[in-house]
């Protein structure tokens, strides 16, 4: 936090106040480690490591080991033309049907406004390690696997006879390399083979006795990965280079031109670097001047003279500079203190945020067992772990210069991941970055701002051609090519032109946290300006005094039209207007700060603001999701779009709009508690904004339930054994959402 920033914290009882001179507290703190009782049986049992660009999932096998690899620029496809010249007449048709109240027909007609789907996030491949047969007979009870959040290092240990084998894995951001060290406790005890493989088109070959080079390509469009790529556009090319270092006296040989075999070594260090031909969202892969193989080999040369200790020290200095900014300690009594503890204002002057309370005693169970037992023991140290795990994942999946953290962060094992692994702009991408400010990781949000800039370029073409509007627009789903047109298919998920506007609220939030006027002037304001221009053109005069959005949807949700048919398209959904109201308020405030309050655009905004439809309360006392009080065919729907004004927006507050807060309370009870992980964490934030700490905590407990990956369909939300959050399947957004919501529950900030 910046020096001198005021935050609201809860004052503990006198007997619980942390004594900084007492070392007993530190001695009883549980280590911030995700621990496992055995090797991974499923991908969601593996340990994620990453540096924002490169990622790996460490399975922790014994006789054989897999490090599943990712590089954040590996996607299908090529830059697209995100425009539809046939859209304007289709738009006029849809608007006419909406005006006449024919919502089901408007919903059908809106399909003409849809476009092709987003492209697909791909995996890189695998490092495969094979040990000799003696490892199968490892000593029972010696196996230990853990992910240490303090050092961002995954470790595997076990014994075979009287030899202890240790594997350490980390991904260095300063040196851009995935590092693995394998060692045995006795001389010459280490023998294994190593190879590289991928599900994508590739060729892997040994390059001398200490390197393996894998070269491959992503499909140039959405095709089956084993189909011939020659008949399709040239996709993104990639290379991964692995270098092997061993102790003196060890022997390396080449097997089948693809594997390296190590014998009689004390230790071995594996260095894996990877690059792609991706040269930005506007450059065709066929025109890229980047040579991924040369880049990868040069990257290895640059670290050739660095020892393992040097690499690990560089990694720790970089990572801990971010991770150690925030510490969290909770007491056993903090639950009761939430009910009757007093509030005080406290000035935080350090760049490190510390939230200290007393600790519970340590135990020695796996993290999966801790998840199972939380419903009864409510272990506060587990909440600490879950909070810091979210911060760890953000540091590991989003750094300056990388791509945005997508639906899976950077970790993906599939060529066809769920929902394409694509950034979804109707909650998921935004939630990924909720903790960046509240949890003191503002640098990790930089890729989001770069991404918004790319969207604004493509989005200006979409706005002009599709909607004959100025400014720029983005819809629900995007990809590495900054897709801004509607997705394919039904309007219920395709036709939602508010994605870019919601993202723009992050620009203003960043300024309010940092007070960085240069950022506001040079980065945020131009993007807000273009977004606002589109919104002003998108709003049209309604039959009454209010401006309307038409067509309008509430993300992924349907309603029952007056004729009894289900529909998704109407006008002025509550979320549309709430987002527009938020953006208009932000740009007016920004203009005041920058001395631009007399700009013509700001004049138009001020004129439009009182003409925005107020948030309305339905007959049942809940917030209306649409401009009319339609029947809801799915009252437990996962999205909470009509509560945007409460959170993450700021227009519904306990102090200023108590009637709307009561209606929001009714809405949350009506929606229920079940839902995917991201929905659960959004509900936590909403309950926190309503100052209902008991229900917020109840939803925290609701999230902390162990998901069986073999029966995912039986679950809604929850945690896997490696603490990845579940939709299911895995989506990373709730990991970030719960991190933000826990910080909001302790410090009056984002909630």
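Residue numbers (this note's numbering): -18 to 732.
All C-beta atoms in this analysis are idealised placements derived from N, C-alpha and C, irrespective of residue type, glycine included.
Just so you know, these numbers come straight off a predicted model, no measurement behind them.
- For residue 589, which residues from the same chain have a beta carbon less than 8 Å from its beta carbon, with the 5 sequence-adjacent residues on both sides left out? Taking the chain shown and counting its residues from 1, one reaches residue 589 at position 608. Excluding residues within five positions, the ones whose Cβ falls inside 8 Å are 517, 520, 528 and 565.
- Message: By the three-class DSSP mapping on this structure, what secondary structure does residue 29 have?
- Response: For the purposes of this step, residue 29 is taken as residue 48 along the chain shown, with counting starting at 1. In the structure shown, residue 29 sits in a strand (DSSP, three-state: E or B).
- CB-CB under 7 Å to residue 236, same chain, minus the five flanking residues each way: which ones, in chain order? One-based indexing of the chain shown puts residue 236 at position 255. Closer than 7 Å at the Cβ level, and outside the excluded window around residue 236, lie 174 and 242.
- Message: Looking only at its chain, what residues have a beta carbon closer than 6 Å to the beta carbon of residue 716, apart from the 5 residues adjacent to it on each side?
- Response: Taking the first residue of the chain shown as position 1, residue 716 is located at position 735. Excluding sequence neighbours, residue 716 sits near 371, 374 and 706.
- Query: Would you report the Cα separation of residue 612 and residue 600, rounded to the nearest angstrom?
  - Reply: Sequence index remark: in the chain shown, residue 612 carries index 631 (1-based). Sequence index remark: in the chain shown, residue 600 carries index 619 (1-based). Spanning the two alpha carbons is a distance of roughly 11 Å.
- Message: Can you give me the C-alpha to C-alpha distance between residue 339 and residue 522, rounded to a whole angstrom?
- Response: Position 358 of the chain shown, counted from the first residue, corresponds to residue 339. Position 541 of the chain shown, counted from the first residue, corresponds to residue 522. Low per-residue confidence applies at residue 339: pLDDT is 34, beneath 50, and the placement is therefore not dependable, though the value from the model is reported in the following sentence. Going by the C-alpha atoms only, they are around 59 Å apart.
- Message: So, for residue 477: in the same chain, excluding its five sequence neighbours on each side, which residues have a beta-carbon less than 7 Å away from its beta-carbon?
- Response: On the chain shown, position 496 is the one that residue 477 refers to. So the qualifying residues of the chain are 407, 456, 457, 534 and 536.
- Rounded C-alpha distance that separates residue 316 from residue 727: Looking up residue 316 in the chain shown gives position 335. Looking up residue 727 in the chain shown gives position 746. Because the pLDDT at residue 316 is just 36, under 50, the model does not fix this residue reliably, and the value given afterwards should be weighed accordingly. Those two C-alpha atoms are separated by around 12 Å.
- Query: Taking the Cβ atom as the reference point for each residue, do residue 222 and residue 55 lie within a distance shorter than 7 Å?
  - Reply: For the purposes of this step, residue 222 is taken as the residue at position 241 of the chain shown. For the purposes of this step, residue 55 is taken as the residue at position 74 of the chain shown. Not closer than 7 Å, so no.
- Proximal residues to residue 444 (C-beta, below 8 Å), its chain only, five neighbours per side dropped: Counting from one through the chain shown, the residue named residue 444 turns up at place 463. Answer for residue 444: 450, 451, 452, 453, 454, 515 and 518, listed in chain order.
- Query: Taking the alpha helix (DSSP H) that residue 411 falls in, what are its first and last residues?
  - Reply: By one-based count along the chain shown, residue 411 stands at place 430. From DSSP, the alpha helix (DSSP H) with residue 411 extends over 409 to 413.
- Determine the extent of the alpha helix (DSSP H) in which residue 727 is found, giving its start and end residues. Here residue 727 refers to the residue found at position 746 when the chain shown is read from its first residue. Residues 714 to 727.
- In the structure shown, what three-state DSSP assignment does residue 646 receive? By 1-based counting over the chain shown, the position of residue 646 is 665. In the structure shown, residue 646 sits in a helix (DSSP, three-state: H, G or I).
- Taking the alpha carbon of residue 148 as the point to measure from, which residue in 46, 232 and 219 has its own alpha carbon closest? For the purposes of this step, residue 148 is taken as the residue at position 167 of the chain shown. With distances taken between Cα atoms, residue 148 lies closest to 46.
- Bounding residues of the beta strand (DSSP E) (the contiguous stretch that carries residue 136): For this step, residue 136 is matched to residue 155 along the chain shown. Note, residue 136: beta strand (DSSP E), 134 to 141.
- Message: Is the separation between the beta-carbon of residue 556 and that of residue 603 shorter than 7 Å?
- Response: Indexing the chain shown from 1 puts residue 556 at position 575. Indexing the chain shown from 1 puts residue 603 at position 622. In this structure, residue 556 lies away from residue 603, with their beta-carbon atoms at least 7 Å apart.
- Query: Does DSSP put residue 233 in a helix, in a strand, or in coil?
  - Reply: Mapped onto the chain shown, residue 233 falls at position 252. Note: residue 233 maps to strand in three-state DSSP.
- Query: Apart from the five residues on each side of it in sequence, which residues of its chain come closer than 7 Å, Cβ to Cβ, to residue 363?
  - Reply: Counted from its first residue, the chain shown places residue 363 at position 382. The answer, listed in chain order, is 351 and 355.
- Message: Between the alpha carbons of residue 571 and residue 506, how many angstroms are there, rounded?
- Response: Here residue 571 is taken as the residue at index 590 of the chain shown, counted from 1. Here residue 506 is taken as the residue at index 525 of the chain shown, counted from 1. Their backbone Cα atoms lie some 7 Å apart in a straight line.
- Message: With H, G and I counted as helix, E and B as strand and the rest as coil, what does DSSP make of residue 660?
- Response: Within the chain shown, the letter at position 679 stands for residue 660. If DSSP states are grouped into helix, strand and coil, residue 660 belongs with the helices.
- Item | Inter-residue CB distance, residue 194 and residue 176 (contact presumed, cutoff 8 Å) | Residue mapping note: residue 194 aligns to position 213 of the chain shown, counting from 1. Residue mapping note: residue 176 aligns to position 195 of the chain shown, counting from 1. Their Cβ separation, rounded to whole angstroms, is 12 Å, which puts residue 194 and residue 176 out of contact at 8 Å.
- Query: Does the beta-carbon of residue 346 have 16 or more other beta-carbons within 10 angstroms, so that it is buried, or is it exposed?
  - Reply: If you number the chain shown from 1, residue 346 lands on position 365. Exposed.
- Query: With C-beta atoms as the reference, is residue 401 less than 7 Å away from residue 166?
  - Reply: Here residue 401 refers to the residue found at position 420 when the chain shown is read from its first residue. Here residue 166 refers to the residue found at position 185 when the chain shown is read from its first residue. No, these two residues do not count as a Cβ contact at 7 Å.
- Nonlocal neighbours in the same chain, by C-beta distance under 6 Å from residue 489, ignoring five residues either side: Here residue 489 is taken as the residue at index 508 of the chain shown, counted from 1. So the qualifying residues of the chain are 567.
- Would you mind working out which of 16, 33 and 651 sits nearest residue 426, comparing C-alpha positions? Against the chain shown, residue 426 aligns to sequence position 445. Selected option, being the one with the closest Cα: 33.
- N- and C-terminal bounds of the beta strand (DSSP E) containing residue 222: The residue labelled residue 222 in the question sits at position 241 within the chain shown. For residue 222, the enclosing beta strand (DSSP E) covers residues 218 to 227.
- Task: Can you tell me which of the three DSSP states residue 703 falls into?
- Result: Taking the first residue of the chain shown as 1, we reach residue 703 at position 722. Coil at residue 703, not helix or strand.
- Query: Per DSSP, which one or two residues make a beta bridge with residue 698?
  - Reply: Here residue 698 corresponds to residue number 717 of the chain shown, with the count starting at 1. According to DSSP, residue 698 shares a beta bridge with no other residue.
- Message: Could you give the first and the last residue of the continuous alpha helix (DSSP H) run that contains residue 585?
- Response: Taking the chain shown and counting its residues from 1, the one referred to as residue 585 is at position 604. Here the alpha helix (DSSP H) through residue 585 covers 581 to 589.
- Message: Report the CB separation of residue 632 from residue 563 in whole angstroms; it is logged as a contact under 8 Å.
- Response: Residue mapping note: residue 632 aligns to position 651 of the chain shown, counting from 1. Residue mapping note: residue 563 aligns to position 582 of the chain shown, counting from 1. Yes, they are in contact, since the Cβ atoms of residue 632 and residue 563 sit about 7 Å apart, within 8 Å.
- Residue interval of the alpha helix (DSSP H) (run including residue 679): Here residue 679 corresponds to residue number 698 of the chain shown, with the count starting at 1. Per DSSP, residue 679 belongs to the alpha helix (DSSP H) from 674 to 684.
- If you check the beta carbons only, do residue 559 and residue 481 fall under 7 Å apart? Start at 1 with the first residue of the chain shown, and residue 559 comes out as number 578. Start at 1 with the first residue of the chain shown, and residue 481 comes out as number 500. No; because the gap between Cβ atoms is not below 7 Å, this pair is not in contact.
- Item | Euclidean distance between Cα positions of residue 238 and residue 655 | Here residue 238 corresponds to residue number 257 of the chain shown, with the count starting at 1. Here residue 655 corresponds to residue number 674 of the chain shown, with the count starting at 1. Spanning the two alpha carbons is a distance of roughly 53 Å.
- Query: Mind pulling the alpha helix (DSSP H) runs of 4 or more residues that sit fully within the segment 403 to 484?
  - Reply: 409 to 413, 416 to 419, 427 to 448 and 472 to 475
- Just list the beta strand (DSSP E) runs in the segment 506 to 584, keeping only unbroken ones of 3 residues or longer that don't cross its boundaries, in chain order. Secondary structure within the segment 506 to 584: the beta strand (DSSP E) runs of 3 or more consecutive residues, fully enclosed, are 520 to 522 and 528 to 530 (chain order).
- Endpoints, the alpha helix (DSSP H) within which residue 355 is located: As a first step, residue 355 must be located in the chain shown, where it is residue number 374. From DSSP, the alpha helix (DSSP H) with residue 355 extends over 348 to 358.
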